[in-house]
Amino acid sequence: MKLSVWTYEGPPHVGAIRVATAMENVHLVLHAPQGDTYADLLFTMIERRNHRPPVTYTTFQARDLGSDTASLFKKSCIEAYERFKPELLLVGASCTAELIQDDPGGLAETLGLPVPVVPLELPSYQRKENFGADETFFQIVKRLSRPLEKTEEITCNLIGPTALGFRHRDDITEITKVLNSMGIQVNICAPYGATPRDIEVISQAHFNVLMYPETGEMACRFLERTFSQPFTKTVPIGVGALSDFVKEVSEIVGANEINAETYSQLPWYSASVDSTYLTGKRVFIFGDGTHAMAAARIARDEIGFEVVGLGCFNREMARPMRKLAASFGVDALISDDYLEVEKHIQAIAPELILGTQMERHIGKRLGIPCAVISAPVHVQDFPARYSPQMGPEGANVIFDTWVHPLVMGLEEHLLTMFRDDFEFHDQAGPSHHAAHSPSPKSELIPEAVTEGDLDHKIIWLQDAEKELRKIPFFVRGKARKNTEKYAQNNGYSEISIETLYEAKAHYAR
Amino acid sequence: MPNENSLAGCSSAPVLKERGQHEVFCGLTSIIWLHRKMQDAFFLVVGSRTCAHLLQSAAGVMVFAEPRFATAILEETDLAGMADAQLELERTVAELLSRRTDIKRLFLVGSCPSEVIKLDLATAAEKLSEKYFPRVNVINYSGSGIETTFTQGEDACLEAVIRGLEPSEEKQLLILGALPDIVHDQMLRLLDQLGLKNVSVLPQIRVEDEVAVGSNTYFICAQPFLGASFDEMVRRGAIPITAPFPFGANGTTAWLKAIADTFGVSENTFKAVTDAPRRRAELAIEKVSKILKSRSVFFFPDSQLEIPLARFLNQECGMNLIEVGSPYIHKTLVGPDLELLPETTTLSEGQDVDKQLDRLLLGAPDLTVCGLGLANPLEAKGFTTKWAIELVFSPIHFYEQAADLASLFARPINRSEKLKIGRVA
Chain W
-2 MKLSVWTYEG PPHVGAIRVA TAMENVHLVL HAPQGDTYAD LLFTMIERRN
48 HRPPVTYTTF QARDLGSDTA SLFKKSCIEA YERFKPELLL VGASCTAELI
98 QDDPGGLAET LGLPVPVVPL ELPSYQRKEN FGADETFFQI VKRLSRPLEK
148 TEEITCNLIG PTALGFRHRD DITEITKVLN SMGIQVNICA PYGATPRDIE
198 VISQAHFNVL MYPETGEMAC RFLERTFSQP FTKTVPIGVG ALSDFVKEVS
248 EIVGANEINA ETYSQLPWYS ASVDSTYLTG KRVFIFGDGT HAMAAARIAR
298 DEIGFEVVGL GCFNREMARP MRKLAASFGV DALISDDYLE VEKHIQAIAP
348 ELILGTQMER HIGKRLGIPC AVISAPVHVQ DFPARYSPQM GPEGANVIFD
398 TWVHPLVMGL EEHLLTMFRD DFEFHDQAGP SHHAAHSPSP KSELIPEAVT
448 EGDLDHKIIW LQDAEKELRK IPFFVRGKAR KNTEKYAQNN GYSEISIETL
498 YEAKAHYAR
Chain C
51 MPNENSLAGC SSAPVLKERG QHEVFCGLTS IIWLHRKMQD AFFLVVGSRT
101 CAHLLQSAAG VMVFAEPRFA TAILEETDLA GMADAQLELE RTVAELLSRR
151 TDIKRLFLVG SCPSEVIKLD LATAAEKLSE KYFPRVNVIN YSGSGIETTF
201 TQGEDACLEA VIRGLEPSEE KQLLILGALP DIVHDQMLRL LDQLGLKNVS
251 VLPQIRVEDE VAVGSNTYFI CAQPFLGASF DEMVRRGAIP ITAPFPFGAN
301 GTTAWLKAIA DTFGVSENTF KAVTDAPRRR AELAIEKVSK ILKSRSVFFF
351 PDSQLEIPLA RFLNQECGMN LIEVGSPYIH KTLVGPDLEL LPETTTLSEG
401 QDVDKQLDRL LLGAPDLTVC GLGLANPLEA KGFTTKWAIE LVFSPIHFYE
451 QAADLASLFA RPINRSEKLK IGRVA
């Protein structure tokens, strides 16, 4: 039993729904109790989908348990087929139906429906949403794909985008543009927008672009094994990764000269003088493995941040994440415990969080700016405008998104100059935000965050406390913590202005 | 067909009973408002990842970093042997209570998986109550989807609370149902002005707000979905008062009148207290509801508020009712509202969502009241919709909210008329 407040991932059947909803002419019959239909609103409200997800829930009740839930399942299958006439039927069970062991796959088999039926194994008590999506798509590909001659022109498949994915819709457009500029056509994109007929011709592409390992890796490995279709390992988020991706694709298709349209504004924006204020800002990065690892590289190599913490919520990515974190000189945080992540953030007191909607909430509570880089998604993560993460435009979007929560460069310099100005002070927040308020606010950063860790209580003398408040708020938590640590290491019981500046010099970077 | 009797309106009309896919929330969802209402209570769902995911998805935003609800997620090891699950639960509760010393009431909430594996939460609650006595009172109920629909979660919770109430023979009025603060206070003010003493409300905001029950207890429901709590009160010897629910000017007046008559409040006092706010409400409704007049409305089943709200929209806003669907119709509770519905109304109980959508297409209503899963797909097809869940969360009871209630329905129609750009999705 695991005590859980908020979860980063839903159960595996939600992953299956993400695949079914992304595709066309597919229907999923899910053996599930009434109430599990809440999953529909994720798609219709958060993603603003204009159709109900193609899912029939058997919605059994307590009185059905005594009688015959298996017949209810069969009836639902037949009615769903009659009403929706899909080209492919998926069948599976949610957590409760898994316990009553009706065997949806076997039951559907006996119905003799005139379309392929793919049974899904979704172990609700062991695995989670991303696994459910990965597994569902793999089973569909395994069932429908067949050996075909490769196309005459060079083509690839885009693999991994699903419904309810973080900017998947726009990443598809952006990556298609990049590939087209290299003279490569897209054979199919799947699951997003694909029909079962499309999956049947998946093997005629020369290679696969694995856009999101979380939801497409099993299928890519299967296609490599079965049809010798290589797949790309670099996820083209960020300028450096995009360039590596282009090289990787060129090698796969055997092109000597690389010619791709990859121009992005990000390098110049990072190099321009306004961005000096970004240099060395301490960031904490957390999300799904793919987005968090891509963000770490951009943060360090393309913006000049200092990555002080890095991690992901999906254990499947723990190994590559640990390796990358080690190369950044930090310990990876692999956890799906929201409270643990919060504690971690509080302890390292970063100046910026790059995280999920969960970390945005943590940031709000702790008064730390946050930009969202990964699922789990909310309605805000589906903007009306074009805003991919991948490709050259993705890099532009990322630069703007990450900088937006921060105080602007020139403004930050002014803050240092006007520290105690009654209108222009650091607690007013960035002036371009709606919440900007020139009236003094209460201190947001928790006082003495480290008190519990210290062996004995260290007293801040009044002058030192006052001086501490003159330090800009986004580094104040860190300054307080460093000073206390310094005082403790040197056996001081009081902190004076002198101690504050000694510590500052000691920890100067 | 129910047997013929002389009741008016829709109370003896045939009900279309359907069994098919139910597009509704399960009872766990009511934790979202219950935990705000009961300020020293913690709701521990014993369930799966799906339960946890539902709670955070239905809540929409995570306003509270550490809310007063959580899920003890069952894992493979818990399913293997029952003895383990009980010990695991004790360990989890110990972990929780050591972190949250502010908790005085702990609800162990059963879910679909815990019911199916027959995890005995009643025994667990009893044992834990003894262990943590007197600091924490541990109560169990089920919010599982196999037994409860959406608001029935509050019903199951209150039923469990009532079962544990001390007996009392004092004459008193007990009001059942969680209400938003502003409405709660208005209600108590009105009852106080009517001269009623000894009024209490369930659920209690804090455990110190002592409530007892006995044969001199009169009770009335402020929410129509409290059928099981109603029955439990009757079992405890309490005397029910039934009336149309307090929505709109008429509903509020009828509800208050039923109480006033029971407690022998004079006609003059009643008029003196209710005339002014009633007139205020009528005028306000008239202004807001112009756009609703003669338009048609179709209710998908959601919260059991459908019948009383349909009564309000028809009787006080002049809307035509095409179909009024409810997950469950408790005839004693909603009887007085049913009597006031036009005989032509189609009533449906339970759901087969696909067939109901077919009927919606045929009925082509001006306004569709439905859950969040259906709303955007219907908007994309050109239907104007009102999310049902907002009716559960918003202050809509009594006189001063009557116009707000009407405007919740008026706003979507208003928007449809304002937008001049089509709605291609």
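Protein chains in written order, with our numbering: chain W, -2 to 506; chain C, 51 to 475. The C-beta atom is built at its ideal place from N, Cα and C for all residues, glycine as well. The model shown is predicted, which means the values in this text are computed figures rather than measured ones.
Drop a sphere of 10 angstroms on the beta-carbon of residue i, count the other beta-carbons inside from all chains shown, and report buried for 16 or more, exposed for fewer.
i	result
residue 52 of chain C	In this predicted model, residue 52 of chain C has a pLDDT of only 39, less than 50, meaning its place in the structure is not dependable enough to derive any value.
residue 265 of chain W	exposed
residue 470 of chain C	exposed
residue 462 of chain C	buried
residue 183 of chain C	exposed
residue 292 of chain W	buried
residue 272 of chain C	buried
residue 135 of chain C	buried
residue 165 of chain W	buried
residue 41 of chain W	buried
residue 226 of chain W	buried
residue 149 of chain C	exposed
residue 473 of chain C	exposed
residue 437 of chain W	The pLDDT assigned to residue 437 of chain W is 43, lower than 50, so where the model puts this residue is not dependable, and the model offers no usable value.
residue 521 of chain W	This structure cannot speak to residue 521 of chain W, because chain W is shown only from -2 to 506.
Using alpha carbons as the reference points, say which of the options lies closest to residue i.
i	options	result
residue 176 of chain W	W/479, W/151, W/47 and W/379	W/151
residue 0 of chain W	C/118, C/192 and C/215	C/118
residue 201 of chain C	C/435, C/381, C/102 and C/228	C/228
residue 154 of chain W	W/109, W/463 and W/200	W/200
residue 136 of chain W	W/60, W/190 and W/88	W/88
residue 162 of chain C	W/146, W/74, W/66 and W/59	W/59
residue 303 of chain C	C/314, C/316, C/321 and C/312	C/321
residue 260 of chain W	W/240, W/138 and W/335	W/240
residue 105 of chain C	W/33, W/334 and W/270	W/33
residue 430 of chain C	W/37, W/46 and W/-2	W/46
residue 414 of chain C	C/344, C/60, C/446 and C/372	C/372
What whole-angstrom Cβ distance do residue i and residue j have, given they're in contact under 8 Å?
i	j	result
residue 306 of chain C	residue 324 of chain C	6 Å
residue 318 of chain W	residue 290 of chain W	6 Å
residue 39 of chain W	residue 161 of chain W	6 Å
residue 77 of chain C	residue 203 of chain C	3 Å
residue 59 of chain C	residue 363 of chain C	15 Å between Cβ atoms; not a contact.
residue 346 of chain C	residue 370 of chain C	4 Å
Who are the Cβ neighbours of residue i in its own chain at under 8 Å, not counting the five residues just before and after it?
i	result
residue 207 of chain W	156, 157, 213, 214, 217, 228, 229, 230 and 232
residue 237 of chain W	294, 295, 298 and 299
Tell me which same chain residues have a C-beta within less than 6 Å of the C-beta of residue i, skipping the five on either side of it?
i	result
residue 296 of chain W	280, 302 and 304
residue 93 of chain W	30
residue 441 of chain W	Caution applies to residue 441 of chain W, whose pLDDT of 39 falls short of 50 and renders its modelled position unreliable; the value that the coordinates give is listed next. Within the same chain, residue 441 of chain W has close Cβ partners 364.
residue 20 of chain W	188 and 191
residue 448 of chain W	In this prediction, residue 448 of chain W scores a pLDDT of 42, lower than 50, which makes its location untrustworthy; the coordinate-derived value is nonetheless stated afterwards. If we look at residue 448 of chain W and ignore the five residues flanking it on each side, it has no Cβ neighbours.
residue 367 of chain C	339, 342 and 456
Please return the same chain residues whose Cβ sits closer than 7 Å to the Cβ of residue i, not counting the five positions on each side in sequence.
i	result
residue 175 of chain C	158, 188, 189 and 190
residue 460 of chain C	338, 339, 341 and 342
residue 256 of chain C	89 and 90
residue 422 of chain C	437 and 439
residue 375 of chain C	349, 350, 351, 356, 398, 401 and 406
(request) Would you check if there are 3 or more beta carbon pairs closer than 8 Å linking the segment 354 to 363 of chain C to the segment 470 to 485 of chain W? (result) no
(message) Can you confirm whether the segment 374 to 387 of chain C touches the segment 444 to 457 of chain C when touching is taken to mean that 3 or more C-beta pairs between the two stretches lie within less than 8 Å?
(response) no
(request) Name, going along the chain, the residues of the segment 83 to 99 of chain W whose beta-carbon falls closer than 7 Å to a beta-carbon of chain B. (result) Checking the listed chains, one finds no chain B in this structure; the protein chains it contains are W and C.
(request) Mind the definition here: the segment 249 to 266 of chain C touches the segment 337 to 344 of chain C only if three or more C-beta pairs lie below 8 Å; say whether that holds. (result) No: fewer than three Cβ pairs fall under 8 Å.
(request) Assess, as a yes-or-no matter, whether the segment 116 to 127 of chain W is touched by the segment 4 to 16 of chain W under the definition of 3 or more beta carbon pairs within less than 8 Å. (result) Contact between the segment 4 to 16 of chain W and the segment 116 to 127 of chain W is present: three or more C-beta pairs spanning the two stretches fall below 8 Å.
(message) Measuring CB atoms only, is the segment 390 to 409 of chain C touching the segment 80 to 98 of chain C, in the sense that at least three cross pairs come out at less than 8 Å?
(response) no
(request) Check whether the segment 236 to 250 of chain C touches the segment 214 to 223 of chain C, counting contact only when three or more Cβ pairs, one atom from each stretch, lie closer than 8 Å. (result) Below 8 Å, enough C-beta pairs join the segment 236 to 250 of chain C and the segment 214 to 223 of chain C to call them touching: three or more.
(request) Kindly confirm or deny that the segment 230 to 237 of chain C and the segment 257 to 264 of chain C touch, where touching means at least three C-beta pairs closer than 8 Å. (result) no
(message) Quick check: the segment 19 to 37 of chain W against the segment 51 to 58 of chain W, are at least 3 beta-carbon pairs closer than 8 Å?
(response) yes
(message) Count Cβ pairs between the segment 457 to 464 of chain W and the segment 485 to 502 of chain W that sit closer than 8 Å; are there 3 or more?
(response) yes
(request) Taking 8 Å as the threshold, find out whether the segment 320 to 337 of chain W comes into contact with the segment 252 to 268 of chain W through three or more Cβ pairs. (result) no
(request) Inspect the CB distances between the segment 122 to 129 of chain C and the segment 286 to 299 of chain C and report whether three or more fall short of 8 Å. (result) Cβ pair count under 8 Å is below three, so no.
(message) Does the structure place the segment 63 to 81 of chain W close enough to the segment 93 to 111 of chain W that three or more beta carbon pairs sit under 8 Å?
(response) yes
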